[in-house]
Amino acid sequence: MNCRYLWLFLPLLITGCADYQWGWYVLDPSTQQGQTNLKFLIAGFADTISVSLISMLFAMTIGLIVALPALSSSKPLNALNRIYVEVIRSIPVLVLLLWVYYGMPTLLDISLNHFWAGVIALTIAESAFMAEVFRGGIQAIARGQHEAAESLGLNYWQKMRLVILPQAFRQILPPLGNQFVYILKMSSLVSVIGLSDLTRRANELVVNEYLPLEIYTFLVIEYLVLILCVSQAVRWLEKRIAIPSH
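Numbering (the UniProt record's numbering), first residue to last: 1 to 246.
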């Protein structure tokens, strides 16, 4: 069958079998039960957004630090960058999350709650990708910009902070937006260690109400709305900082 005709089956996928009795009453805002369940599910936005946003900020900082050795002419520094990036990118996020939550407290003799274990794991996992994003953005800046900054007497850090990074940020904004979307989606894995995010709350409500199709459908809508809002914000920011054409 030609794949372009698969859309004809979309209504069947949405409505399911004809004899299935939908239980949308569980999320009906006109009833007390529905209002309680909706408030419980929507409250998960707080943990999902906060753990993703904090992880993104930390990952950007670490990613920039890791990216700088890759721009050096020193082979040992280049090797250090490649080892970090390749090792971290090779570890599944869920495995890293479980190791941080269960292994790090034992290894370092510290106490680590669900939230910060999620932040640390997502930060480490994302920092390798951010390093590559920054490396590509900085290398895309013309050599003449470096030479112009150096001719003004700027040292390396002044050149990067005042000249190169502001221009590189414009280049890497779309990839940064994509990576934030990626973190938002990967944050659902934090539910396995007990963080009360969107996914965890949906799982708990399924156990209580025994209506997984309806509740997980609502979960899909929650993530869809969240991702679309982030995408629109990134597009707006791109237009705000776009370099005007002459």
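Glycine included, C-beta positions come from ideal geometry on N, C-alpha and C.
Everything numeric in this text was worked out from a predicted model, so none of it was measured.
It is roughly 28 Å from the alpha-carbon of Gln33 to the alpha-carbon of Ile227. At a Cβ-Cβ threshold of 9 Å, Leu195 and Asp28 do not count as neighbours. Separation of Asn203 and Ile49 (C-alpha to C-alpha, rounded to the nearest whole angstrom) is 18 Å.
Straight-line spacing of the CA atoms in Lys239 and Phe169 works out to 13 Å.
In this structure, the CA atom of Val85 is about 48 Å from the CA atom of Tyr25.
For Val133, the uninterrupted alpha helix (DSSP H) run begins and ends at His114 to Gln139, by DSSP.
The shortest CA-to-CA distance from Phe40 to any of Val225, Ala140, Leu189 and Glu209 is the one to Glu209. Leaving aside the five residues that flank Gln232 on each side, none in its chain has a CB nearer than 6 Å to its CB.
Excluding five sequence positions before and after Gly63, the CB atoms of its chain that fall closer than 6 Å to its own CB belong to Ser127, Met130, Ala131 and Phe134, given in chain order. Within the stretch 174–228, complete beta strand (DSSP E) segments of at least 3 residues are not found at all. Measuring C-alpha to C-alpha distances from Leu122 to each of Leu97, Gly144, Phe218 and Gly44 identifies Leu97 as the nearest.
Here Thr36 carries a helix assignment [DSSP, helix/strand/coil]. Rounded to whole angstroms, the gap between the alpha carbons of Leu165 and Ser74 is 21 Å.
When Ala79, Ile172 and Gly153 are compared, the shortest CA-CA separation from Ile138 is found for Ile172. The alpha-carbon of Ala142 is positioned some 16 Å away from that of Tyr156. It is roughly 23 Å from the alpha-carbon of Ile65 to the alpha-carbon of Ala148. Annotated three-state conformation of Ile110 is coil, per DSSP. In the displayed model, Leu154 falls within coil according to three-state DSSP, outside both helix and strand.
When C-alpha distances from Ala140 are compared across Trp116, Leu71 and Leu94, the shortest belongs to Leu71.
Counting only runs of at least 4 residues, the stretch 32–105 fully encloses the following alpha helix (DSSP H) elements, listed from N- to C-terminal order: 32–42, 44–70, 75–90 and 93–98.
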